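Numbering (my numbering), first residue to last: -19 to 417.
Quick reminder that beta carbons are idealized off the backbone N, C-alpha and C, glycines included.
Because the structure is a prediction, the values reported are computed rather than measured.
Report on the following structure.
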Amino acid sequence: MNSISASAKKIFSSLEYRDFRSFWIANLSANAAAWALILGRALLVYQMSDSSDNQNLYVGLVTFLAMIPRVLMPPISGYLADRFERRKVVGGMFALNLLHNLVFVLLVFTDNITMWQVMALSFINGSARAAQMPVSQALIPNLIPKEKLLNGVALHQATIHGSRLIGPLAILPLLYFFSLEWAFLLCSGFYLISLYQILQVKSQATGTIDSSKNFIQNFLEGIPYVYKHPQLMIITLMAFFHCGLTMSFESMLTVISDDRFSSLGDSGVTIIMMATGAGALISALSLSVITNEKTKGNMLLNLSLISGLSPIFLALSSNIYIATIAAIIIGLSQSGFMTLTHTMIQSVTDDGVRGRVGAVYSVHIGGIMALMNLINGRMSDISVPNFDILGQTIRLLAADYMLIIGGMLFILLVMASWFIKTFRNIYQYGLPVTNKL
């Protein structure tokens, strides 16, 4: 019993710090709302476009509009994170999402919601979340000691990826016993909690703005910083391909679930989303206790390869049980990969530009995920022929092919990266210890 208590204390050690604890609860609530909304909007749009030949395109478009702000907003919010108090910037974004969601709930409950309104509100929601995420990342090192950085980042990543479990799980009873409208109302409650908790953070943290440079120069400083730093550049680029080739699957889940698990109704896609969240939570909490740099590097390589294999496993799943296992592996590997890359970026970045560097990173991963979700949603509407292997007819959807091709391409990319010295050193030894905090 004592060993379990000691392990739990080690895993959640950053939560001993009051400000980080409030920050963590705020992000957990906001991310639970975000993932519940991603799922709820997909189901709503899928129902609204039921008679359309472009049903999955609409799902992909709404997902695209929620994610494309991660290209547009982070440069601005990254600058704000280094110019103003980071907790106030985060709080402002939570307040905006609360207001947006109350409008959304009103339209849905009064049955006045239209497709263009869903798209517009998705963009607003995505913009506030895209602005908040790099600021939150930049705030973490200001709330905990340097030696707790991986633990803090891992716990923060648990709120991002683990909320794929918490958000859909929270709305599942409402979908089953009531209706979709009540799920959206619950999201407003989540945003209210997040706003209250972030206001409890007392630490005042900003970056450094060079007074000798004008607004545009300060605004763009993160770009050359990333691309002139060899380790930052390759980590960012690898995350870019990882998110584009393996993580942009949300717009395909509805068609896969509807085709294979139609007897489960809306619960099918909800179960898959929850399974990815469960895997992500396991991964983030497991990584939170790792301190050895070599182990981090080894884990990055292994999780990269598994991230490529797991979508292929999902594409070939024939029933909900196998699909659930595949989704758990997807969440475990992808969350682990993202946790490690976030930690590595934070550990080699000066605090003065951390907001702007985080913004550059967010632009890369958010932009490619938005684009690939749009492409994948459109491709999912295409009919593809069956084929025979040894007398057995194999039936795959266009979405399955997209998962398989993306996974295989990323595996090849990871294998090729071994022949690049900087990558190979990271895989073998991790990153050198720095004093950037």
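Do the CB positions of residue i and residue j come within less than 7 Å of each other?
i    : j     : result
M53  : A100  : no
L154 : A163  : yes
S342 : P114  : yes
I214 : F403  : yes
N81  : C167  : yes
L8   : A75   : no
A134 : A264  : yes
M47  : A350  : yes
F221 : L393  : yes
L225 : A295  : no
G347 : V51   : yes
F409 : G248  : Note that residue 409 is Tyr in the sequence shown here, rather than Phe. No, the Cβ-Cβ distance between Y409 and G248 is not below 7 Å.
A260 : G142  : yes
F89  : E161  : yes
L217 : I262  : no
L233 : I251  : no
V269 : I(-9) : yes
V235 : A16   : no
I140 : C223  : no
Got a sec, what are the start and stop residues for the alpha helix (DSSP H) residue i sits in?
i    : result
R21  : -2 to 28
Q211 : 210 to 225
W162 : 160 to 178
T256 : 247 to 267
S284 : 273 to 295
S143 : 143 to 157
P125 : Taken as a continuous stretch (DSSP letters only), P125 belongs to no alpha helix (DSSP H), as it is neither H nor E.
R50  : 49 to 52
F317 : 300 to 327
F231 : The sequence shown places Ser at residue 231, not Phe. Element bounds for S231: 230 to 240.
K401 : 401 to 409
D361 : Neither: D361 is in no alpha helix (DSSP H) and is coded neither H nor E.
F103 : 95 to 119
F89  : 66 to 89
I391 : 378 to 397
V181 : Where V181 is concerned, there is no enclosing alpha helix (DSSP H), given that its DSSP letter is neither H nor E.
I203 : 202 to 207
Here's a check: name, in chain order, each residue in its chain whose Cβ is nearer than 7 Å to the Cβ of residue i, leaving out the five neighbours to either side.
i      : result
R21    : V42, V98, S102
R358   : L37, G40
L165   : V85
Q137   : A264, S315, M318, T319, H322
S297   : A303, A306
N415   : Confidence at N415 is low in this model, with a pLDDT of 46, below 50, so its placement is unreliable and the value that follows should be read with caution. Cβ neighbours of N415 beyond the five flanking positions: none.
K(-11) : none
F241   : G248, I300
Y381   : V364
S(-7)  : K128, N131
I385   : none
Please go through the same chain and pick out, in chain order, the residues whose beta-carbon is closer than 6 Å to the beta-carbon of residue i, but skip the five residues on each side of it.
i     : result
L(-5) : R1
Q314  : M227, S287
L130  : T323
L60   : V69
M73   : A108, A111, Q112
I406  : G277
I146  : A12
Return the chain-ordered list of same chain residues with a C-beta closer than 8 Å to the C-beta of residue i, the five sequence neighbours on each side being excluded.
i    : result
Y207 : M213
V83  : L101
Less than 6 Å separating the Cβ of residue i from some heavy atom of the ligand PLP?
i   : result
M47 : The ligand PLP is not part of this structure, which contains no ligands at all.
Touching by the beta-carbon criterion (3+ pairs, under 8 Å), the segment 301 to 308 and the segment 171 to 182: As far as the Cβ criterion goes, the segment 301 to 308 does not touch the segment 171 to 182, which means the pair count is below three.
contact_flag[the segment 111 to 128, the segment 325 to 335] where n(CB pairs < 8 Å) is 3 or more: Touching, per the Cβ criterion.
Cβ pair count under 8 Å reaching 3, the segment 223 to 238 against the segment 279 to 299: yes
Touch test, the segment 135 to 152 against the segment 280 to 287, Cβ-Cβ under 8 Å, three pairs minimum: no
The segment 271 to 282 in contact with the segment 375 to 393 per 3-pair CB rule at 8 Å: These segments do not touch.
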